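Let me begin by presenting the structure, written as structure tokens, before commenting on it.
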Amino acid sequence: MAMASILLLLIGIFAANFNPTAAQVGVCYGMMGNNLPNAREVIDLYRSNNIRRMRLYDPNSQALQALRGSNIEVILGVPNSELPNLANPSGAQSWVQRNVVPYWPSVRIRYIAVGTSRFGEPNQGLDRDRYDLDRVSFPPSAGAFRGDIRTWIPNLFDAMLDSLYSALEKAGQGGLEVVVSESGWPSAGGFGTSVDNAATYLSNLIRHVGGGTPKRPGKAIETYLFALFDENQKPGPEIEKHFGLFSPNKQPKYPLRLVEEEWGIMLHSLSRLICKTANPGNFPSS
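Going letter by letter, the sequence shown gives residues -23 to -1, 1 to 263 in mature numbering (1 follows the signal peptide of the UniProt record, and there is no 0).
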């Protein structure tokens, strides 16, 4: 049995089939909190708000059991701690046998995501190449620009996606689909955080992903909003704890319109793709 091949470079890249005319927006389900609803309540929350896709960061048995028959499509994550085992084909097969086979097909596992923010961790094997790139491109004012490029990219979200599309094409893998596996804005905990900023960013993001990027116009971008709840036990700076779409009592934080449907939910989360100091009001509205 082969696992779905996934390359994680800032955002998730997945082999998949997509509807090119409509954005597919899901929500990440993190569990680093001591005051969160149980898995069954969470699945009911997804269904009652018509959230049809979920990202799970690990094969949590309670969540997978609750997902049976729900018709919610799932990105199932492999924790970073298990990645060394998956480097061996027999280890990867064993992982799938333990964590996928018992639940399929009553749980609609859409992809297997290998690791989370893996390239954000120290990696001496990549340091030399990264430093070489830094030396030739920093500061930006000293950079060189190709004269044949005429496309104007209006925001960092599109710039990152289109640079990735170009890199994939150069590597001979231009047919790979790209999934934005986390994006959002925090409502508290640091500079630039507020409920208004979170609402502005996510509202514009949801509208924007249906239209594609300058390089792939009209190609909807499957996107997952981070995350379902504030997680009060999440490590790192305070900002990391304020990603919730809902409060732990399952009440929405603010209403949001998602892709031709009204979702009476409040969403704010930390973007893995957008600089924390960026102004969400500058994000495109279409």
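Ideal Cβ positions, reconstructed from N, Cα and C, are used throughout, including at glycine. Model, not experiment: these values are computed from the prediction.
Buried or exposed (CB count within 10 angstroms, at least 16 for buried), residue i
i, result
"VAL78", "exposed"
"LYS147", "exposed"
"PHE203", "buried"
"ASP207", "buried"
"GLY151", "exposed"
"GLY195", "exposed"
C-alpha gap between residue i and residue j, whole angstroms
i, j, result
"LYS218", "PRO36", "22 Å"
"LEU41", "ASP21", "13 Å"
"GLY54", "MET137", "23 Å"
"ASN12", "PRO225", "6 Å"
"THR170", "TRP162", "7 Å"
"GLU159", "ASN181", "15 Å"
"THR200", "VAL84", "20 Å"
"ARG17", "LEU44", "8 Å"
"ALA64", "PRO56", "13 Å"
"SER164", "SER94", "21 Å"
Residues that residue i bridges to, as DSSP identifies them
i, result
"VAL4", "MET31 and LEU202"
"LEU53", "LEU33 and ILE89"
"TYR229", "Here residue 229 is Pro; the residue named in the question, Tyr, does not match the sequence. Note: PRO229 sits in a beta bridge opposite PHE223."
"PRO194", "GLY189"
"SER38", "For SER38, which the question treats as bridged, DSSP gives no partner whatsoever."
When the options are compared against residue i, the one with the closest alpha-carbon
i, options, result
"LYS192", "PRO229, THR177, SER140 and GLU208", "SER140"
"TYR87", "ILE49, PRO66 and ALA119", "In the sequence under discussion, the amino acid at residue 87 is Arg, which differs from the Tyr named in the question. Of ILE49, PRO66 and ALA119, the residue nearest in Cα terms is ILE49."
"MET231", "TYR201, ALA175 and PRO212", "It is worth fixing the name first, because residue 231 is Tyr in this sequence and not Met. Looking at the Cα atoms, ALA175 is the closest of the given residues."
Where the alpha helix (DSSP H) containing residue i begins and where it ends
i, result
"GLY20", "At residue 20 the sequence reads Ile, which differs from the Gly that was named. Per DSSP, ILE20 belongs to the alpha helix (DSSP H) from 16 to 25."
"THR170", "That residue, THR170, is in no alpha helix (DSSP H); it is neither H nor E in DSSP."
"ASN209", "Careful: ASN209 lies outside any alpha helix (DSSP H) and carries neither H nor E."
"TRP81", "Neither: TRP81 is in no alpha helix (DSSP H) and is coded neither H nor E."
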